[in-house]
Amino acid sequence: MFNSKLIAIVLLFWLASLQAIEWNGNWAFGCDFRNRDFDNAQIKGADCGGRCSTTPECTHFSWNSYNGGTCWMKYGPVSKSDAIETSDRGMVCGVITESNVNKRDVLATRHVNGGGDACALPSANYNVKYPLALGDIGALGKLKFTPDLCGHVLQINCGNGNLDVIITNSNYGGGLDLYSETTWPKATNNLPPGQTLCSVQLSSANAINGKEFQCYYKPGTGSNNHYYRNIGLLNTRNKIVTKATRNGIPGEHRGDNIYYAFDGRGQPMQPNEEVIFTFNDGSTYKVKFSDCVDVGSEQNWR
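Numbered by my numbering, the letters in the sequence shown go through residues 372 to 673 in order.
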C-alpha cells in the first residue's frame, strides 16, 4: 500500500512538471534538455533556434547565460515531453520541426519555365527574387511539396553559398527545380544544364516586403463575388498553414496554390466575416475578407 501511494505521488509530481512548461509553439522559457550536446555558440537566446535550424543534425537546443549567453545545440530524436523544467526562467529550450532541419544531398535540376506557375503568387514587392519549383522525392522529408508551402522561403546551398529561394511552382517526381534564367546560375555558379546536389531547409524569412501575415485573393478570382471567395495568407515566416475555416467550415485548395476557396452555399459572404488560419504549430491567425488584397495579376517569375 505504501509503495503504491509513493508511486502515485511521484507520478503526480512528474505530470505537474510537464505541465509547468508553457510552450510558445516549439520553444519555451525555463526548460532544458539533458545531454546530447554536440556544438555550442555564444549568441543571444533569441538567435539560438535559428542557429540550430541552420546547423546540420541539430534537432533541439537549449540556451542559458553561461559565458555571456550560450546556445547548446543537440542531436537525436526528441519531443517536447523530453524537456525538463528549470528554476532559471531565463533559460530557453526548443525543438526544430523536421521541416526546419537541414536536408542534404537533395537532387536539383535546371527548370525552364514556360510561363504559368502553379502557386499563382500575387504580384507584389518581393524580397526574394530566386524562384524554385519544389518536388516530392523522399530526400526532401517533410519539405515535400504541398500547396501550403507555396510562397515560403527555402535556404539552399548548391556549392556556391547559401541562397534564399521562393517556392513558386510544383515539380512532382523531382527535387529542387531551379529556374534557368535566375536561380540555377546563381545557386550553381553557372554550371552547365544538368543535375547537382544541394542542401535545403525552411527559412524564417518572409518573401514579400512589409508586414507579416498578408492576405491576398487568388489573382483572377476577384473580391466582389459574395458567393465565392478564394484567399491565402503569405509572410507567415516558417509557420505553415494547415487549414483555413469560416464559421467552422473548412476551405479547400483548388489547385497547387496557397489559396483556400470558400463557397457561400447559397448565402452571401459578407466582407467583415472572419477566416481562421491554423498553423502547423497549433497557433492561429484571423483575417476578415475585407483585409485581403485583390491585386488582379500574378507575379511573373523567370
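Where a beta carbon is used, it is the ideal one built from N, C-alpha and C, also for glycine.
Are residue i and residue j close, meaning C-beta to C-beta below 8 Å?
i, j, result
"K614", "D652", "no"
"D634", "Y599", "yes"
"Y587", "V499", "no"
"I620", "L605", "no"
"T457", "C419", "no"
"L478", "C521", "no"
"S575", "L525", "no"
"V463", "H431", "no"
"G545", "I579", "no"
"W672", "Y550", "yes"
"E644", "R608", "no"
Between the C-alpha atoms of residue i and residue j, what's the straight-line distance to the nearest angstrom?
i, j, result
"Y631", "V658", "13 Å"
"F650", "V612", "4 Å"
"N406", "N596", "57 Å"
"D535", "W555", "12 Å"
"A387", "E393", "Note that A387 has pLDDT 48, beneath the 50 cutoff, so the model's placement of it is unreliable and the number below is only indicative. Each residue's Cα considered, the two are about 12 Å apart."
"H523", "G421", "16 Å"
"F660", "G440", "44 Å"
"S668", "R460", "49 Å"
"Q670", "G581", "16 Å"
"V381", "N395", "Since pLDDT at V381 reaches only 48, below the 50 mark, its modelled position is unreliable, and no value is offered."
"M640", "I538", "31 Å"
"N528", "N397", "25 Å"
"T468", "D662", "30 Å"
"N435", "A417", "11 Å"
"P563", "H482", "12 Å"
"F404", "N484", "46 Å"
"P590", "G487", "12 Å"
"A510", "V571", "10 Å"
"C442", "P448", "19 Å"
"T480", "Q585", "31 Å"
Near residue i, what residues of its chain come up, given a Cβ to Cβ distance below 6 Å and the 5 sequence neighbours on each side ignored?
i, result
"L568", "D476"
"C429", "C423, M444"
"V666", "P493, S494"
"T655", "I647, T649"
"L389", "Bear in mind that a pLDDT of 48 at L389, under 50, signals an unreliable position, so the number given afterwards is only what the model happens to contain. No residues qualify anywhere along the chain."
Excluding the five sequence neighbours on either side, which residues of its own chain have a C-beta within less than 7 Å of the C-beta of residue i, listed in chain order?
i, result
"T360", "Shown here, the chain extends from 372 to 673; a query on residue 360 therefore has no answer."
"S541", "A489, A504, L505, F516, D627"
For residue i, collect the residues of the same chain with a Cβ closer than 8 Å to its Cβ; drop the 5 residues on either side in sequence, then sort them by chain order.
i, result
"T616", "G622, V646, I647, T649"
"S450", "V466"
Am I right that residue i and residue j are in contact with their C-beta atoms under 8 Å? What's the rounded C-beta distance?
i, j, result
"T425", "Y501", "At roughly 18 Å, the Cβ-Cβ gap does not stay under 8 Å, so T425 and Y501 are not in contact."
"K474", "G512", "6 Å"
"Y446", "F409", "5 Å"
"N533", "N560", "With 8 Å as the limit, N533 and N560 do not qualify as a contact, their Cβ atoms being about 13 Å apart."
With a threshold of 8 Å between beta-carbons, can residue i be considered close to chain B, or not?
i, result
"R481", "Included in the structure is just one protein chain, with no chain B present."
Counting only runs that start and end within the segment 582-612, where is the beta strand (DSSP E) found for 3 or more residues in a row?
585-588, 599-605
List in chain order: all unbroken beta strand (DSSP E) runs of 3+ residues lying wholly within the segment 470-500.
474-482
Every unbroken beta strand (DSSP E) within the segment 441-470, with a cutoff of 3 residues, ordered by chain:
441-445, 463-466
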